[in-house]
Structures are given as structure tokens and as C-alpha cells.
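Under the working numbering, the first residue of the sequence shown is numbered 6, with each subsequent residue one higher. Where is the CB? At the ideal position from N, CA and C, for every residue including glycine. Worksheet: one structure, shown below.
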Amino acid sequence: MFCNQCEQTAFGTGCTKIGVCGKQGEVSDLMDVLVYAIRSLSSVALQAREKGVRDKHVDHLAVKALFSTLTNVNFDKKALEHLLQRVIKSKQILADKIGKDLLKSNSELEAFGIGKSMPELEKDAARHSIQSFSPDADINSLMQTALFGLKGVAAYTDHAAILGVESEEHYTNFYKAMLAGFDGKKRDLQAWVGEALNVGSLNLKAMELLDEANTKTYGHPAPTMVSLKPRPGKAILVTGHDLKDLYRLLVQTEGKGINIYTHGEMLPAHAYPKLKAFSHFAGHFGTAWQNQAKELPFFPGPVLFTTNCIQRPAESYAHNVFTTGLVGWPGVPHLQDGEFGPLIAKAQSMPGFTKETAEAEVKKHENESVFTGFAHNAVMAVAGKVVGAVKNGYIKHFFLVGGCDGARPGRNYYTEFVENTPPDTIVLTLACGKFRFFDKNLGSIEGLPRLMDVGQCNDAYSAVKIALALADAFGCGVNDLPLSLVLSWYEQKAVAVLLALLSLGIKNMRLGPTLPAFLTPNVLNYLVQNYNIAPISTPEQDLKAILH
Numbered sequence: 006m007f008c009n010q011c012e013q014t015a016f017g018t019g020c021t022k023i024g025v026c027g028k029q030g031e032v033s034d035l036m037d038v039l040v041y042a043i044r045s046l047s048s049v050a051l052q053a054r055e056k057g058v059r060d061k062h063v064d065h066l067a068v069k070a071l072f073s074t075l076t077n078v079n080f081d082k083k084a085l086e087h088l089l090q091r092v093i094k095s096k097q098i099l100a101d102k103i104g105k106d107l108l109k110s111n112s113e114l115e116a117f118g119i120g121k122s123m124p125e126l127e128k129d130a131a132r133h134s135i136q137s138f139s140p141d142a143d144i145n146s147l148m149q150t151a152l153f154g155l156k157g158v159a160a161y162t163d164h165a166a167i168l169g170v171e172s173e174e175h176y177t178n179f180y181k182a183m184l185a186g187f188d189g190k191k192r193d194l195q196a197w198v199g200e201a202l203n204v205g206s207l208n209l210k211a212m213e214l215l216d217e218a219n220t221k222t223y224g225h226p227a228p229t230m231v232s233l234k235p236r237p238g239k240a241i242l243v244t245g246h247d248l249k250d251l252y253r254l255l256v257q258t259e260g261k262g263i264n265i266y267t268h269g270e271m272l273p274a275h276a277y278p279k280l281k282a283f284s285h286f287a288g289h290f291g292t293a294w295q296n297q298a299k300e301l302p303f304f305p306g307p308v309l310f311t312t313n314c315i316q317r318p319a320e321s322y323a324h325n326v327f328t329t330g331l332v333g334w335p336g337v338p339h340l341q342d343g344e345f346g347p348l349i350a351k352a353q354s355m356p357g358f359t360k361e362t363a364e365a366e367v368k369k370h371e372n373e374s375v376f377t378g379f380a381h382n383a384v385m386a387v388a389g390k391v392v393g394a395v396k397n398g399y400i401k402h403f404f405l406v407g408g409c410d411g412a413r414p415g416r417n418y419y420t421e422f423v424e425n426t427p428p429d430t431i432v433l434t435l436a437c438g439k440f441r442f443f444d445k446n447l448g449s450i451e452g453l454p455r456l457m458d459v460g461q462c463n464d465a466y467s468a469v470k471i472a473l474a475l476a477d478a479f480g481c482g483v484n485d486l487p488l489s490l491v492l493s494w495y496e497q498k499a500v501a502v503l504l505a506l507l508s509l510g511i512k513n514m515r516l517g518p519t520l521p522a523f524l525t526p527n528v529l530n531y532l533v534q535n536y537n538i539a540p541i542s543t544p545e546q547d548l549k550a551i552l553h
């Protein structure tokens, strides 16, 4: 195996025996084969489109399969083998529809997997490793960057498709991006920079689709106070990102005396009108994904993992864990398509919170509640007030501080940075990076809270819309605004978001806690020269440089 797609990759270079995330070598190799199979499927899907043949099931499968290779999603070899077989079978069915004999194809990519057994496919894994993309180190670096960004695109595209919002053109562009480097076209370094930025544009579209899906289905988020103090009674904890799974669980538990709590990136779900209408949608428990081994043993009910962010469940709580959707861990019960009966039965058999355990839990936070729901619709509703506060000198600067959280030392930087922002500045935040400071009371400016939670990582789309609206109001470009982006990254959704920001020409971003291992010095130098990307230093130094 060789895997360097996350921020915590071994020795800052790559995992070669077992993933820091807990991924076994054989699972990592299987993911490399699956990615190659998706490229193969993409080739046939594009040819089918040219002949007027489109299969929505194939489109859905392609993004789901790529999403399953994202960090902390699926660690179950059997589940991944099943996905690989489905991808190869779907390619064959699609080829039959257009009268193409894959075994007679001159393309090794197109014929991949046809008539091969699983052991034969797995034996071929090394040929499809990210190390084999190109002999040119810089091109290989950009090919990895594009692939990792596409994994984030696949995640957001899948989230939107689950809610029925999708775009045929977007799938076509996704297939084209998957084929780049494997379509016989020669690309130099500059062309590969363009391919990486194209992935950023794709991700912007994916986030737009998901924003439309979430808001059409559950309403526009509104500023909402969320309790961090549990209620006495039975409880279920939901983590991940999938609002549909959360909604279905709320429906199925209504009237059963079970309170539902969010964890991690599910926190912003409390701001959606259709979700917060449930009286047993009780509050939020815990912080970010990497703290689950410390926090979940203290949750007195079962835990449902949706979409991603799972770690190896510790013995202290493994028997309370369920997965659904693409999430998988060997030996953990997997619930299919909203069939939450076993989860609910488990909750009814467990003690739930008592008055004493609820009091103990809330003492872990600085405040008993936190605000969320400052998405683009909510902020634009008070845009006049915001612009007025800037013009009158009450607000001097905006910071967007957020991204993926992680366990690597140095992430306390983000806590200290936010704590030291001047009282005449606003902090926008999103994704699980906010859990470094989400329960801080920063006060307010002219009735506006200084700390505004924009939402999940995909709500970077909201942050972009807010920034563009402010630029329009002030008659300037986004890079001319008193706005600074201080980002943390961990996995491939963060790569996709970063590429989306770069595709918009946004500059002067600070990135940490470390820079990606897959960026070569030349590629990094290009980003520095053209976008002024800089690694974080210390909160004091960075604040001084930003506000000088």
C-alpha cells in the first residue's frame, strides 16, 4: 500500500503498512483498484453519452464508489469488493447497450476487470497506485491533487443525489475529470494545473447542488441556539453529514421517548426548519470526529454513523455502534436504507441520560448552548446591517476560520487564533474545524454575534456566496475585502474546497496545520507565487501580518 491522501499520513510522507486512520494495507490496495475501475467505467459512460445513452444508476454508482475511498468512510473489505464488482458489472451492461465488446477493445482501461476474479484484480493493485500515475514528480503531484479533490466532489454529489438534486452535465464533467491522464491526451504541467482547477469548479457546482438539495428539502437554515446540555431520557447520537438519514430517524423515533442528538458535522442540522420542528431533536453532544474514542464511551445510547468520519470503535462503545450508507467497519452492524429498527431497539434497552450525567456533560463546555445557522440566506438577510457596521467602523475585518479538524499536534493554533481576534472583527466558521472554539463566547457587534457558524464543510458554498455579496456591496473584488481565510485540512473534502476557492481566484489563504504531503516543492511554489498561499505560523504573527 501507499496512501498519502490525508493530513495525518505517516511521517508526513505516506502510509505504507497500515493507515494512520486504521485502514489495512489490503483495503488501501483494493481502493486503488476501485478508483481505476471507476476511470474505466467513466470511459464507457462517456461513449454511451455520445450515443444518447445515459443510465442514472451508473451515475449514482460512480460517485458512490469514489466516495467510498475517501478517508474514514469504509474499512470493510467485503463491502468494497462488492462495490468493485458492481462497477465492473455496470460497465459491462452499459457497453452492451451501445454494442461495444469490451474484451475486443484496444483500450486496456476499457477492458479492465472483465472476466477477472477478485484475487486477480487485487493482485494487480500495485499497477494502479497513486505512485504510478506519472514518472514526472510534479505532474504526479497534480494528478493526485485532482484525484483527491474528485473524491470530495463525489461526496457532495452523492449527498445531493440522495435528495434528488443532480445534473447530467455535472456527471459528464465528473467522468471527463476522472479520465484525465488516462484518455491518451498528453498534458504538460500547466495543463495539469488547469485540470486541478477544473476539479475546483466541479466542486463548486457539487456544493451548489447540495445547497439546493438541502434547502429545498428542509428549508433555509436560520440562526438557532443549540443546547449542549442533554435531557434526561433515552438517547441516540447521529454523526456524519447525511440530513436525510437524520430526518428519517427523527420520524421513526417520534413519540417513542427517545431524544436525538447530533455529533460532529451534524451540528448545523439544528438550523433547518423541517428538522428542528421535531420536539425530541434535543441538542448536540461532543465535538469533532477525532475525539470519538474519548467521548462516545460517555454517551448512554447507540451511535449512528452516516457518510463518513468513523474510526476503529473502541471496546468501550463498539457494541453501541451502527453504520449506514457508505460507512462500514468490519463487524459493525450495517443498517440498509433507513431501516433503523435495530438502532431504536438498542436505544430503548440502554439507560439514556440521567439528571446527573446530563449535568456532568454540560460542564465540559464553556457555555450551555451554541449558535449555528448563519448560512448565506440568513447572513444576506442582514447584509445591510453588516455593510453599515463596516462603513461606520464597527467591523474592521472578517475572518473565515474553519475546515477539517484532526488529531495532529498544533491544531490548538486555531483556538488561540480565534480567541485573539480583536473585538471589532467577525469570525465566520464552518466544518468540524470549528470545534476547536465553537463554544467560546466572543460577544457581539451591533447585535451581530462575533462568531457565526456557517455550517458543514459543504457550506463553504455559503461562505463563497457571502463573500461575493459583500464584494458586490462594496464594489470590489473578493481579494480586496477585509476578509482573511485561515483554513485547516484533514481529508479530501478539504482538498476539494481548497481547489474550489482557487478556481474562483481567491488568494492570500493560510493553510495548516501542515501542508499536503502530495504537493511537490515546485507545485507548492506555483501556489505561493500565483495565489499567495502560506502555511500558518503562530496566531500572534499571523494576526499581526493580516491586520497590519
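Local conformation of residue i per DSSP, three classes
{"i": "N555", "result": "The displayed coordinates of the chain run from 6 to 553. Any statement about residue 555 would go beyond what the structure contains."}
{"i": "F523", "result": "coil"}
{"i": "S449", "result": "strand"}
{"i": "H370", "result": "coil"}
{"i": "S232", "result": "strand"}
{"i": "L309", "result": "strand"}
{"i": "G288", "result": "strand"}
{"i": "F7", "result": "coil"}
{"i": "T362", "result": "helix"}
{"i": "A182", "result": "helix"}
{"i": "R59", "result": "coil"}
{"i": "G346", "result": "helix"}
{"i": "T74", "result": "coil"}
DSSP beta-bridge partners of residue i
{"i": "S354", "result": "Answer is none; S354 lacks a bridge partner."}
{"i": "A240", "result": "N264"}
{"i": "N79", "result": "G333"}
{"i": "R91", "result": "Paired residue(s): none; R91 is not in a bridge."}
{"i": "M148", "result": "According to DSSP, M148 bridges with nothing at all."}
{"i": "R515", "result": "V491 and A539"}
{"i": "T434", "result": "D458"}
{"i": "I23", "result": "Q29"}
{"i": "L114", "result": "DSSP output for L114 lists no bridge partner at all."}
{"i": "T220", "result": "None, per the DSSP bridge assignment."}
{"i": "H339", "result": "T328"}
{"i": "F376", "result": "M230"}
Unbroken beta strand (DSSP E) run spanning residue i, endpoints
{"i": "V491", "result": "L488 to S493"}
{"i": "H402", "result": "H402 to G408"}
Endpoints, the alpha helix (DSSP H) within which residue i is located
{"i": "T420", "result": "N417 to E424"}
{"i": "L168", "result": "Run containing L168: none; DSSP gives neither H nor E here."}
{"i": "G393", "result": "A388 to K396"}
{"i": "K128", "result": "M123 to K128"}
{"i": "E252", "result": "The sequence shown places Tyr at residue 252, not Glu. Run containing Y252: L248 to T258, per the alpha helix (DSSP H) assignment."}
{"i": "I135", "result": "Segment: none, I135 is in no alpha helix (DSSP H) and carries neither H nor E."}
{"i": "V502", "result": "Q497 to S508"}
Identity of the residue in the options nearest residue i by Cα
{"i": "V49", "options": "M183, L552 and G346", "result": "M183"}
{"i": "Q353", "options": "R317, V308 and V332", "result": "V308"}
{"i": "I93", "options": "F443, K102 and K121", "result": "K121"}
{"i": "I431", "options": "F379, G306 and A211", "result": "F379"}
{"i": "G510", "options": "L202, N111 and I119", "result": "L202"}
{"i": "G205", "options": "L242, L248 and L147", "result": "L147"}
{"i": "K299", "options": "K351, K190 and A412", "result": "A412"}
{"i": "K369", "options": "I263, L233 and G480", "result": "L233"}
{"i": "L75", "options": "Y466, D37 and A142", "result": "D37"}
{"i": "F440", "options": "L194, E421 and D106", "result": "E421"}
{"i": "V491", "options": "Q534, L524, D444 and D410", "result": "D410"}
{"i": "H381", "options": "L435, G336 and A196", "result": "L435"}
{"i": "R3", "options": "Q297, G330 and Y223", "result": "Lying before the first or after the last residue shown, residue 3 is absent from the chain, which here runs from 6 to 553."}
{"i": "T18", "options": "H246, Q461 and F7", "result": "F7"}
{"i": "D547", "options": "L507, Q461, V423 and A501", "result": "V423"}
Exercise. Three or more beta-carbon pairs under 8 Å between the stretch 406-417 and the stretch 385-393, yes or no?
Worked result: Too few Cβ pairs lie closer than 8 Å, so no.
Exercise. Quick one: any contact between the stretch 483-498 and the stretch 6-16, if contact means 3 or more CB pairs under 8 Å?
Worked result: yes
Problem set entry | contact_flag[the stretch 309-329, the stretch 273-280] where n(CB pairs < 8 Å) is 3 or more | no
Exercise. Between the stretch 70-83 and the stretch 51-60, are three or more C-beta pairs nearer than 8 Å?
Worked result: As far as the Cβ criterion goes, the stretch 70-83 does not touch the stretch 51-60, which means the pair count is below three.
Exercise. If you pair each beta-carbon of the stretch 399-411 with each one of the stretch 253-262, do three or more pairs fall below 8 Å?
Worked result: no
Exercise. Would you say the stretch 166-180 touches the stretch 466-478, given that touching needs at least three Cβ pairs under 8 Å?
Worked result: The answer is no - the stretch 466-478 does not touch the stretch 166-180, with fewer than three Cβ pairs under 8 Å.
Exercise. Do three or more CB pairs link the stretch 62-76 to the stretch 156-168 at distances below 8 Å?
Worked result: yes
Exercise. Taking one C-beta from the stretch 292-300 and one from the stretch 332-346 each time, how about it: are there three or more such pairs within less than 8 Å?
Worked result: no
For this session: Would you be able to state if there are at least three C-beta pairs under 8 Å between the stretch 350-368 and the stretch 423-437?
Result: no
Exercise. Any contact of the stretch 503-518 with the stretch 29-40, i.e. 3+ C-beta pairs under 8 Å?
Worked result: no
For this session: Could you say if the stretch 134-154 and the stretch 521-538 meet the contact criterion of at least three C-beta pairs nearer than 8 Å?
Result: yes
Exercise. Does the stretch 357-374 come close enough to the stretch 442-450 to have 3 or more Cβ pairs within less than 8 Å?
Worked result: yes
Exercise. On the three-pair Cβ rule with 8 Å, is the stretch 106-113 touching the stretch 190-199?
Worked result: The stretch 106-113 makes no contact with the stretch 190-199: fewer than 3 CB pairs, one atom from each, lie closer than 8 Å.
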